[in-house]
Structures are given as C-alpha cells and as structure tokens.
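Novice: First the structure, then my questions, so here it is.
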Amino acid sequence: MAEVYSNSNDTDEPYLVCSNLTKQFGNLAAIDNLDFETNTSALGLLGPNGSGKTTLIRLMLGLIKPTNGMIELNFDPSEIRVVTEKPFLPAELTVDQWLETVEQWHGKPTMNIDIQSNFGLQGEWKLKHLSAGQQRKAALMSIFHGNPKLIILDEPTNYLDIVSRDYILKLLTNHLHQTKAKLILATHRIDEIQLFAKETILLKEGQLLKSINTGDAKILFYELKTDNNARLKQMFDATGIYSEIASTLRGISVKVRPDKNMWKVLDIFEEDGNNISSITEIDEIANTIEEFLR
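One gets this note's numbering by counting positions in the sequence shown from 1 and adding 125 to each.
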C-alpha cells in the first residue's frame, strides 16, 4: 500500500463553497440543502451508492445546474484534471492516439515513468475494446500530464486489480507531492480516505451527515482476526487488557484497546500454535466512518 499522503498546501480562502445547494431530479433530491466550504489540500467525499457524491462532482464541474442554492469551485478549468466514475473515452482512438490527445491538452507527463507499459496497455489497442479495468487505467493516465492545481477523482480504483490499485495509489501520492495539487476524492473505500483525505464529508441521500478532520487521529483499538478468538480474549482478560469479540465490516474479530502488554500476549498466543491472520488499526476516523456505514 502507498504511504500516507502528506501535504500542508491548505489555503486561507476556500476554493470550494456550497450554500443551500440542492439538486433535484424529478421528486428526488440527489443533493439536499448542502452547506459547507473547504480550503483543505485533500477533501474526501464518502458515502454509499446513491449518496450524492457523483452528483456533487458534476455540480462542481458545471456539468449540471443546481435546482436551488449555489456552488463555487475557484479553479480555472485548464488547471483541473478529472476522472469520473464512468469516464468517457473516445472509442475509436487507440491507446497511443489517446495519450497523444492528452498531451496536446495538458502537456507532457509530469513524472519520468512509463506508466503505459506498467499498466500493460498496448499502443495499438482501441479504447472501445478495452476491459473496464483497462479503460480505467487509460482514463487515469490523463491526470499525470502537465501541472494541475486540482485533481478530482470519482471512485478511481474501481475495476482495478490489487496490484494495479496499489500502483496507482503510489503514483498519485508521488504526483501530489510533486505538483502540490489539491485533491477531491470520492470513494467508498475507507483506506483511500485514510491515505489521502485531510477533511472528509460523509454523505447520505444527498445530505451532509458529518464533516470530520481526517488529519492526525489516535488509535482507538486494534481489530484482530484469528483462528481462536475465544482463547485470545481469555488471554487478554487474564492480563487485564480490555477486549471484546465483535462483528465488524471485516467479519468476526477480537477488538482490543491499545496496551503496552498487548504484543506480549499476541506473541504467546502464536507460540501456543494459534494463528493471527490480520491486525487492523482502527483510529478515530475509521471508527466514525464505520459507524456511519453500518
């Protein structure tokens, strides 16, 4: 996994402002009286399908007009790179022709890396014949050209395999460091929010449920997946360490509060022939988000 993105490029003036923002499609309010503004270097938009993330991005870009209220995105269109949830690609172009077009629009690649080869995209392949994952890769390559001031991504790693996803997240981290671009990231993946976002708004049915600072956050507990949860809890109880067996988004696991003796208990647990398949840190951000998603 890519290292956590760090950028102190926050500005005093907000670059995104929403005031009483509403967008209706018939009787459905896709965005419902949204009020917020931000100057953060990396904004996360988190919510389930149908929460309004994509509609909000379309409103930012002026692709659709508000029913009521206003939204301002204070960047020139030439300074923005966008990859939407369902990116439009010119079907008849080959991969090489597409990249030539991107270069004409935005300039040469920012990094001296052969991303096309690393993505396994042959230059003569027509875009219309690419799989969903390959089309996603072709669309994402456009953000690495020129010197953008703002990058907007809507579910950027959908359809990507694990290796490609990890590669693109590392590339994006390096690119943001190099260009100092701001990021607006819409995703349903908590780990991507934790990796990039400094501020996150939680959306549900077009409404802002909560805005949280996703900068520094302390660990609340660890989540352990093992082959003998009951035995591990007994060992924690005997040592005076609070733990519980709980059903989480990742399945049945042992949740334990941070304690300096926790690691000694885990060592003994494994020495006794038990297995720990994963250890997940749950900080204030992840805990808030997981409660929201339940």
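Where is the CB? At the ideal position from N, CA and C, for every residue including glycine.
1. Tell me the residue span of the beta strand (DSSP E) that contains Asn237.
2. Out of curiosity, what's the CA-to-CA distance linking Met387 and Tyr292?
3. Any contact between the segment 320-332 and the segment 342-354? By contact I mean 3 or more CB pairs, one from each, below 8 angstroms.
4. What is the rounded straight-line gap between the Cα of Asp157 and the Cα of Asn174?
5. When DSSP builds the beta bridges, which residues end up paired with Asp279?
6. Alpha carbon to alpha carbon, what distance is there between Pro215 and Trp223?
7. Quick one: using the 10 Å Cβ neighbour count with 16 as the cut-off for buried, is Tyr140 buried or exposed?
8. What's the gap between the Cα of Ile276 and the Cα of Thr163?
9. CB-CB under 6 angstroms to Thr282, same chain, minus the five flanking residues each way: which ones, in chain order?
10. I need the DSSP call for Thr179, collapsed to helix, strand or coil.
11. Is Gln247 helix, strand or coil by DSSP?
12. In terms of residue numbering, what span does the beta strand (DSSP E) encompassing Lys380 cover?
13. Kindly list the residues whose CB is nearer than 7 angstroms to the CB of Leu186, restricted to its own chain and excluding five residues on each side of it in sequence; keep chain order.
14. Would the segment 293-303 and the segment 249-269 be scored as touching if the rule is three or more Cβ pairs under 8 angstroms?
15. For a quick check, are the C-beta atoms of Thr147 and Thr180 less than 7 angstroms apart?
16. When you compare each of Ile196, Gly398, His254 to Leu159 by their alpha carbons, which one comes out closest?
17. Threshold first: 3 residues or longer. Then list the beta strand (DSSP E) segments lying entirely within the segment 173-235, N to C.
18. Straight-line CA distance for Thr351 to Asn399?
19. Could you spell out the range, first to last residue, of the beta strand (DSSP E) harbouring Ala155?
20. Could you tell me whether the Cβ atoms of Gly169 and Ala322 are closer together than 7 angstroms?
Specialist: In this structure, then:
1. Counting from one through the sequence shown, the residue named residue 237 turns up at place 112. Judged by DSSP secondary structure, Asn237 falls outside any beta strand (DSSP E); it is assigned neither H nor E.
2. The residue you call residue 387 lines up with position 262 of the sequence shown. The residue you call residue 292 lines up with position 167 of the sequence shown. Whole-angstrom Cα-Cα distance: 33 angstroms.
3. In this structure the segment 320-332 does not touch the segment 342-354; the number of beta carbon pairs closer than 8 angstroms is below three.
4. For the purposes of this step, residue 157 is taken as residue 32 along the sequence shown, with counting starting at 1. For the purposes of this step, residue 174 is taken as residue 49 along the sequence shown, with counting starting at 1. Each residue's Cα considered, the two are about 16 angstroms apart.
5. For the purposes of this step, residue 279 is identified with residue 154 of the sequence shown, where counting begins at 1. DSSP lists Ala311 as partners of Asp279.
6. Mapped onto the sequence shown, residue 223 falls at position 98. Mapped onto the sequence shown, residue 215 falls at position 90. Taking the straight line from one Cα to the other gives about 8 angstroms.
7. On the sequence shown, position 15 is the one that residue 140 refers to. It counts as buried.
8. Mapped onto the sequence shown, residue 276 falls at position 151. Mapped onto the sequence shown, residue 163 falls at position 38. So the two alpha carbons sit approximately 15 angstroms from each other.
9. Translated into the one-based positions of the sequence shown, residue 282 becomes position 157. Hits under 6 angstroms: Arg290.
10. Sequence index remark: in the sequence shown, residue 179 carries index 54 (1-based). Of the three classes helix, strand and coil, the one that applies to Thr179 here is helix, per DSSP.
11. Position 122 of the sequence shown, counted from the first residue, corresponds to residue 247. It is coil, neither helix nor strand.
12. Working through the sequence shown from its first residue, we reach residue 380 at position 255. Residues 376-381.
13. Position 61 of the sequence shown, counted from the first residue, corresponds to residue 186. So the list reads Val207, once near-sequence residues are dropped.
14. yes
15. Working through the sequence shown from its first residue, we reach residue 147 at position 22. Working through the sequence shown from its first residue, we reach residue 180 at position 55. Inclusion of Thr147 and Thr180 in the CB contact set at 7 angstroms is not warranted, their separation being larger than that value.
16. Against the sequence shown, residue 159 aligns to sequence position 34. Measuring from the Cα of Leu159, the nearest candidate turns out to be Ile196.
17. 193-198, 205-208
18. Within the sequence shown, numbered from 1, the residue matching residue 351 stands at position 226. Within the sequence shown, numbered from 1, the residue matching residue 399 stands at position 274. Those two C-alpha atoms are separated by around 8 angstroms.
19. As a working note, residue 155 is residue 30 in the sequence shown. Note, Ala155: beta strand (DSSP E), 153-163.
20. The residue you call residue 169 lines up with position 44 of the sequence shown. The residue you call residue 322 lines up with position 197 of the sequence shown. A contact, by the Cβ cut-off of 7 angstroms.
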